[in-house]
Amino acid sequence: MPVFIGVDVGTTGCKVLAIDESGRVLDSVTEEYPLYTPKPGWSEQNPDDWWAASKEAVTKIIKRGKVSSEEVEGIGLTGQM
Numbered sequence: 001m002p003v004f005i006g007v008d009v010g011t012t013g014c015k016v017l018a019i020d021e022s023g024r025v026l027d028s029v030t031e032e033y034p035l036y037t038p039k040p041g042w043s044e045q046n047p048d049d050w051w052a053a054s055k056e057a058v059t060k061i062i063k064r065g066k067v068s069s070e071e072v073e074g075i076g077l078t079g080q081m
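Structure representation (structure tokens):
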């Protein structure tokens, strides 16, 4: 069964979703990361946090066993910066 992975890198965390061809959600994971505010009115994030959260979320989906890595036929990415 073909599976597609969606990765949304947002302002508070990385959300990863696995769906089948019909769009049915097979599994989802959210990994949070910090938002740094070094000065009033400033907000910063570390791209290393995005990468670590993305890897962790995808790994969790595969390890849970609802989705096999061999079934993944595509990965879509989006982000809100």
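Residue numbering for the sequence shown follows this note's numbering, beginning at 1 and increasing consecutively.
Note that the Cβ used here is the ideal one computed from N, Cα and C, for glycine as well.
Reference residue i; option with closest CA among the options
i, options, result
"A61", "I19, V7, V29 and G6", "Note on residue identity: the sequence assigns Ile, not Ala, to residue 61. The shortest Cα separation from I61 among I19, V7, V29 and G6 belongs to V29."
"V16", "M1, E32, P2 and S22", "E32"
"V9", "V25, E71, V72 and D49", "D49"
"D27", "K39, P40 and V72", "V72"
"C14", "K63, G74 and P47", "P47"
"T59", "A18, T12, Q45 and T11", "A18"
Whole-angstrom distance between residue j and residue i, CA atom to CA atom
i, j, result
"V20", "G65", "First, the amino acid is wrong: residue 20 is Asp here, not Val. Answer to the nearest angstrom: the Cα atoms are 15 Å apart."
"V67", "L35", "31 Å"
Endpoints, alpha helix (DSSP H) assigned at residue i
i, result
"S54", "P47 to R64"
Pair within 7 Å by beta-carbon distance, residue i and residue j
i, j, result
"G79", "G6", "no"
Endpoints, the beta strand (DSSP E) within which residue i is located
i, result
"K15", "G13 to D20"
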